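Everything on this sheet refers to the single structure shown next.
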Amino acid sequence: MQEIACPAPSGDVTVSVESIPFSDLPGQSRLFREYQADPLSLRKYYPTAVASHTDIADRVNDVLKHHTADRSILCEALEDMNRKFGAPQTTLDNIASLREPDCVAVVSGQQSGLFTGPLYTIYKALSAVKMAECLRGRGIKAVPVFWIATEDHDFEEVSK
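The opening position of the sequence shown corresponds to residue 2 in the numbering used here, with each subsequent residue numbered one higher.
Encoded structure:
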């Protein structure tokens with residue numbers, strides 16, 4: 002299936018995008034294919050599954066109520082580490098926002114890899130950034146967090 006993604010400013014040239022459904026790719030599990038086709042059909046296994054990223058905003062109050070942490074300890078550690086890394090002001094501002102009890106974190110992560118590892122690692126990080134932006138656009142305080150899972154030393158798992 003081909004669709005026009007974005008007309009060029011001149012109107013003469015267009016960029017087209019083609020997508021391949023996951024169901025057409027070999028090696029995908031039945032569970033994954035079913036989740037892609039209809040996430041709500043798997044609520045038996047994933048009670049909080051949503052049909053669309055826009056539905057995530059409806060879960061924020063539940064997340065804030067049930068997922069508590071000592072934000073001061075967490076944010077002090079994040080701020081200390083990020084200052085040592087020379088993180089930009091945007092990162093420090095996000096840490097300050099995370100201190101607020103009504104702020105949610107959109108968390109994604111991946112095991113560390115040479116040159117960032119697989120391309121989907123970058124996609125996962127950018128997805129957290131975009132989801133936080135979407136939530137903020139709905140008036141919800143949200144910050145993206147990307148966690149590098151450096152403590153995964155399970156050779157059997159990572160060698161598959």
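We put the beta carbon where it would ideally sit given N, CA and C, even for glycine. Because the structure is a prediction, the values reported are computed rather than measured.
Among the options, whose alpha-carbon lies nearest the alpha-carbon of residue i?
i: I74; options: A58, R100, T55; result: R100
i: N95; options: I149, D25, V130; result: V130
i: V61; options: Y121, S128, R139; result: R139
i: D56; options: I141, I149, L127, T151; result: I141
i: H54; options: T151, F86, S128; result: S128
Beta-carbon within less than 8 angstroms of residue i's beta-carbon, same chain only, minus the 5 sequence neighbours each way: which residues are those?
i: R137; result: A143
i: I149; result: G110, Q111, Q112, S113
i: N83; result: T92, L93, I96
Less than 8 angstroms between the C-beta atoms of residue i and residue j, yes or no?
i: S98; j: F147; result: no
i: A52; j: L41; result: yes
i: D39; j: L65; result: no
Within its chain, find whatever has a CB closer than 7 angstroms to the CB of residue i; leave out the 5 residues flanking it on each side and keep chain order.
i: A106; result: L99, V144, V146
i: G28; result: none
i: R34; result: F23, S24
i: P119; result: none
i: A126; result: S109, F147
Spatial neighbours of residue i within its chain, please: CB distance less than 6 angstroms, with the 5 preceding and 5 following residues excluded, ordered by chain position.
i: T122; result: Q111
i: Y36; result: L43
Check your understanding: Along the chain, which unbroken stretches of the alpha helix (DSSP H) at least 4 residues long are found entirely within the segment 21-56?
Key -> 31-38
**Study point:** contact_flag[the segment 77-87, the segment 102-117] where n(CB pairs < 8 angstroms) is 3 or more
**Key:** no
Check your understanding: Taking only runs of the alpha helix (DSSP H) that begin and end inside the segment 79-126, which ones reach a length of at least 4 residues, in chain order?
Key -> 90-99
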